[in-house]
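K.L.:
Before I ask anything, let me first share the structure, which is written out below as structure tokens.
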Amino acid sequence: MDDTTVKAGNMSMRLAKQLLMTPVWFIQIFTQAKSFSKNPILGSALLNRLGLHVARIMLAHAIMRLRMLMLSRGVSKSQRQAYFNDGYILLENFLPAGDFDRLKTEIHSANAEVRECTQGDTLTHRIMLDENSLPNLPVAENFIKDIKLKRLLKFASGINAQPVSYIQTIKNHFVDGPPDPQKNLHSDTFHPTMKSWFFLDDVDERNGPFTYVPGSHKLSIARLRWEYKKSIDISSNGDRYSGNGSFRLSEQDAQYMGLAQPKGFKVEANTLVIANTHGFHCRGQASERSTRTELWTISRSNPFNPFPGIDHPLITRTQNRVLNAWRRHADRRADKRGTVSSWHVIDARNTIGTDNGGA
Ligand SMILES: [Fe+2]
233 MDDTTVKAGN
243 MSMRLAKQLL
253 MTPVWFIQIF
263 TQAKSFSKNP
273 ILGSALLNRL
283 GLHVARIMLA
293 HAIMRLRMLM
303 LSRGVSKSQR
313 QAYFNDGYIL
323 LENFLPAGDF
333 DRLKTEIHSA
343 NAEVRECTQG
353 DTLTHRIMLD
363 ENSLPNLPVA
373 ENFIKDIKLK
383 RLLKFASGIN
393 AQPVSYIQTI
403 KNHFVDGPPD
413 PQKNLHSDTF
423 HPTMKSWFFL
433 DDVDERNGPF
443 TYVPGSHKLS
453 IARLRWEYKK
463 SIDISSNGDR
473 YSGNGSFRLS
483 EQDAQYMGLA
493 QPKGFKVEAN
503 TLVIANTHGF
513 HCRGQASERS
523 TRTELWTISR
533 SNPFNPFPGI
543 DHPLITRTQN
553 RVLNAWRRHA
563 DRRADKRGTV
573 SSWHVIDARN
583 TIGTDNGGA
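With the numbering used here applied, the sequence shown covers 233 to 591.
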């Protein structure tokens with residue numbers, strides 16, 4: 233076979249794949265799909281010039297606001313206002329001191345599967361709080377199923393469901409590597425989405441305070457203009473993270489949009505922070521080799537679905553099982569390539585809040 237025949241064969245394959253995938257890519261317009269690089273419709277410079285990206289943002293934000301309002305029962309007016317105006321809720325001394333001490337003791341002696349991810353010179357360790365781990369963690373189970381916390385998280389995420397919950401330890405400067413990309417200010421995705429941190433350690437500049445740009449979750453005219461320009465730039469040639477739909481923020485960008493200065497959450501242990509991570513945020517720089525441990529939750533759903541859903545234990549179990557199955561699938565695929573998945577199981581049963589697990 234000569235080169236021309238091979239090239240023609242490759243072109244036919246690409247064309248066939250495009251024909252097969254086009255309906256899928258089209259349907260993804262109406263989901264939380266965000267990757268410009270994986271979906272040529274979302275990544276089309278022409279369609280983004282015509283306003284596709286901005287139209288998705290505006291519609292998603294309107295629907296998510298409606299869902300948050302539907303789930304605002306039991307959330308105080310000041311908490312709702314803080315979330316809508318600033319993009320976050322901060323609650324200090326969230327648990328009574330005795331309950332907090334019991335939770336911290338239990339978590340530090342947790343015996344459960346730990347997964348690790350390396351990003352730059354940072355290691356992140358996570359224990360998923362699910363049907364496998366929770367039977368051995370009764371205090372943590374009470375915490376994540378507490379009605380007061382659940383109401384706050386449901387409101388902030390706009391989903392009537394238990395978020396996916398983890399015990400998480402960030403290990404700053406634990407491996408040799410480039411700077412941690414999670415320490416650059418970014419927006420997670422184009423629509424409102426929720427993450428929360430219940431800090432078990434005091435947090436300051438030593439162990440990298442979570443950092444957020446107050447008010448940056450709002451759709452100002454300047455933000456929409458920036459999103460429009462950014463969507464066209466990325467459709468043509470964007471960086472890897474922005475191409476995945478998590479837009480990075482430079483100082484010039486912040487000035488262009490007239491954003492506030494980033495705020496580092498230097499807080500004491502027993503503080504809960506709930507943030508809309510459509511707003512710009514990052515892990516925060518840590519001045520030394522250090523750790524911080526938190527109970528961390530994440531909740532993301534289709535922002536074009538106007539219904540907030542039904543809270544049922546079966547749905548939570550199914551969600552956890554799907555996530556676990558997907559992780560095991562990623563493990564097997566990586567194993568075949570002779571490597572490990574990005575979130576791989578490590579030998580240590582409990583590295584939470586300790587100095588283990590890194591050079
Ligand atoms: Fe993020």
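Each residue gets a CB set at the ideal place from its N, CA and C atoms; glycine is no exception.
It should be emphasised that the depicted structure is a prediction, and the values quoted were computed from it without experimental measurement.
Buried or exposed for Trp-558, please, with buried defined as at least 16 other CB atoms from any protein chain shown within 10 angstroms of its CB.
P.N.:
Against the sequence shown, residue 558 aligns to sequence position 326. Exposed.
K.L.:
With C-beta atoms as the reference, is Ile-391 less than 7 Å away from Pro-538?
P.N.:
Indexing the sequence shown from 1 puts residue 391 at position 159. Indexing the sequence shown from 1 puts residue 538 at position 306. No. Outside cutoff.
K.L.:
Roughly how many whole angstroms lie between the Cα atoms of Asn-552 and Val-396?
P.N.:
Within the sequence shown, numbered from 1, the residue matching residue 552 stands at position 320. Within the sequence shown, numbered from 1, the residue matching residue 396 stands at position 164. C-alpha separation (whole angstroms): 7 Å.
K.L.:
Can you give the Cα-Cα distance for Asn-242 and Pro-272, rounded to whole angstroms?
P.N.:
For the purposes of this step, residue 242 is taken as residue 10 along the sequence shown, with counting starting at 1. For the purposes of this step, residue 272 is taken as residue 40 along the sequence shown, with counting starting at 1. Computed Cα separation, rounded: 18 Å.
K.L.:
Check each candidate in Leu-361, Ala-388, Asn-368 and His-418 and name the one with the smallest Cα separation from Lys-377.
P.N.:
Taking the first residue of the sequence shown as 1, we reach residue 377 at position 145. Nearest C-alpha to Lys-377: Leu-361.
K.L.:
I want to check one thing, is the minimum distance from the CB of Thr-509 to the heavy atoms of ligand 1 below 6 Å?
P.N.:
On the sequence shown, residue 509 is found 277 positions in, with the first residue counted as 1. Result yes, Cβ under 6 Å from ligand 1.
K.L.:
What residue range does the alpha helix (DSSP H) around Leu-284 cover?
P.N.:
Here residue 284 refers to the residue found at position 52 of the sequence shown. Taken as a continuous stretch (DSSP letters only), the alpha helix (DSSP H) holding Leu-284 covers 284-302.
K.L.:
DSSP beta-bridge partners for Met-426?
P.N.:
Numbered from 1 along the sequence shown, position 194 holds the residue referred to as residue 426. Per DSSP, Asn-508 and Ser-531.
K.L.:
Under three-state DSSP, which class holds Arg-480?
P.N.:
Position 248 of the sequence shown, counted from the first residue, corresponds to residue 480. Three-state DSSP puts Arg-480 in a strand.
K.L.:
Please go through the region 393-478 and give each complete alpha helix (DSSP H) segment of 4 or more residues, from N-terminal end onward.
P.N.:
The qualifying runs are 453-469 and 472-475.
K.L.:
Going by other Cβ atoms of all chains shown within 10 Å of its Cβ, with 16 needed for buried, is His-561 buried or exposed?
P.N.:
To locate residue 561, count along the sequence shown from 1; it is residue 329. Classification for His-561: exposed.
K.L.:
Based on Cα-Cα distance, which residue from Thr-548, Ser-448, Asp-436 and Ser-463 lies nearest to Phe-316?
P.N.:
Within the sequence shown, numbered from 1, the residue matching residue 316 stands at position 84. When only C-alpha atoms are compared, the closest one is Ser-448.
K.L.:
Do the CB positions of Leu-335 and Leu-504 come within less than 7 Å of each other?
P.N.:
Along the sequence shown, one-based indexing puts residue 335 at 103. Along the sequence shown, one-based indexing puts residue 504 at 272. Taking 7 Å as the Cβ cut-off, Leu-335 and Leu-504 do not qualify as a contacting pair.
K.L.:
Look at the alpha carbon of Asp-436 and the alpha carbon of Pro-413, and state the distance between them as a whole number of angstroms.
P.N.:
Reading the sequence shown from its first residue, position 204 is the one you call residue 436. Reading the sequence shown from its first residue, position 181 is the one you call residue 413. Approximately 19 Å between the Cα atoms of the pair.
K.L.:
Tell me the DSSP secondary structure of Ile-359 in three-state form.
P.N.:
Position 127 of the sequence shown holds residue 359. Of the three classes helix, strand and coil, the one that applies to Ile-359 here is strand, per DSSP.
K.L.:
State the beta-bridge partners of Gln-351 as determined by DSSP.
P.N.:
Within the sequence shown, residue 351 is the residue found at index 119, counting from 1. Answer is Thr-354, bridged to Gln-351.
K.L.:
Please list the terminal residues of the continuous beta strand (DSSP E) segment that includes Ile-321.
P.N.:
Start at 1 with the first residue of the sequence shown, and residue 321 comes out as number 89. Note, Ile-321: beta strand (DSSP E), 320-323.
K.L.:
Among Ser-276, Gly-352, Tyr-398 and His-418, which residue has its Cα nearest to the Cα of Leu-369?
P.N.:
By one-based count along the sequence shown, residue 369 stands at place 137. The candidate whose alpha carbon is nearest that of Leu-369 is Tyr-398.
K.L.:
Determine which residues share a DSSP beta bridge with Val-577 and list them.
P.N.:
Within the sequence shown, residue 577 is the residue found at index 345, counting from 1. Per DSSP, Arg-347.
K.L.:
Please report the distance separating the alpha-carbon of Leu-284 from that of Ile-578.
P.N.:
Residue numbering aside, residue 284 sits at position 52 when the sequence shown is read from its first letter. Residue numbering aside, residue 578 sits at position 346 when the sequence shown is read from its first letter. If you take the alpha carbons of Leu-284 and Ile-578, they lie about 42 Å apart.
K.L.:
In whole angstroms, what is the alpha-carbon distance linking Gln-400 and Val-445?
P.N.:
Residue 400 sits at position 168 when you count from the first residue of the sequence shown. Residue 445 sits at position 213 when you count from the first residue of the sequence shown. For Gln-400 and Val-445, the distance between alpha carbons rounds to 23 Å.
K.L.:
Just reading off the alpha helix (DSSP H) that Ile-547 is part of, what are its end residues?
P.N.:
Position 315 of the sequence shown, counted from the start, is the residue given in the question as residue 547. Its alpha helix (DSSP H) spans residues 545-568.
K.L.:
Just verifying my parser: in three-state terms, what is the DSSP assignment at Gly-590?
P.N.:
Numbered from 1 along the sequence shown, position 358 holds the residue referred to as residue 590. Residue confidence for Gly-590 is low, a pLDDT of 33 falling below 50, so the modelled location carries little weight; the figure read from the coordinates is stated next. Gly-590: coil per DSSP, three-state reduction.
K.L.:
Would you mind sorting Glu-520 into buried or exposed? The rule is 16 or more other CB atoms within 10 Å of its CB.
P.N.:
Locating residue 520 in the sequence shown gives position 288, counting from the first residue. Exposed, because fewer than 16 other Cβ atoms sit within 10 Å of the Cβ of Glu-520.
K.L.:
CB-CB under 7 Å to Asp-587, same chain, minus the five flanking residues each way: which ones, in chain order?
P.N.:
As a working mapping, residue 587 is identified with position 355 in the sequence shown. Only weak support is given to the placement of Asp-587: the predicted model assigns it a pLDDT of 47, under 50, and the value that follows is read from those uncertain coordinates. Hits under 7 Å: none found.
K.L.:
With respect to 6 Å, is the separation between the Cβ of Asp-420 and the closest non-hydrogen atom of ligand 1 below this value?
P.N.:
In the sequence shown, the residue the question calls residue 420 occupies position 188. Yes; taking the cut-off as 6 Å, the Cβ of Asp-420 has a heavy atom of ligand 1 nearer than that.
K.L.:
Please report the distance separating the alpha-carbon of Asn-502 from that of Lys-450.
P.N.:
By one-based count along the sequence shown, residue 502 stands at place 270. By one-based count along the sequence shown, residue 450 stands at place 218. For Asn-502 and Lys-450, the distance between alpha carbons rounds to 28 Å.
K.L.:
Check whether the region 287-298 and the region 340-349 are in contact - that is, three or more C-beta pairs closer than 8 Å.
P.N.:
No, the region 287-298 is not in contact with the region 340-349.
K.L.:
Among residues of its own chain, excluding the 5 on either side of Pro-411, which ones have a beta-carbon nearer than 8 Å to its beta-carbon?
P.N.:
As a first step, residue 411 must be located in the sequence shown, where it is residue number 179. Gly-352 and Asp-353, listed in sequence order.
K.L.:
Excluding the 5 residues preceding and the 5 following Ala-344 in the sequence, name in chain order all residues of the same chain whose CB lies nearer than 6 Å to its CB.
P.N.:
On the sequence shown, residue 344 is found 112 positions in, with the first residue counted as 1. So the list reads Ile-359 and Ser-365, once near-sequence residues are dropped.
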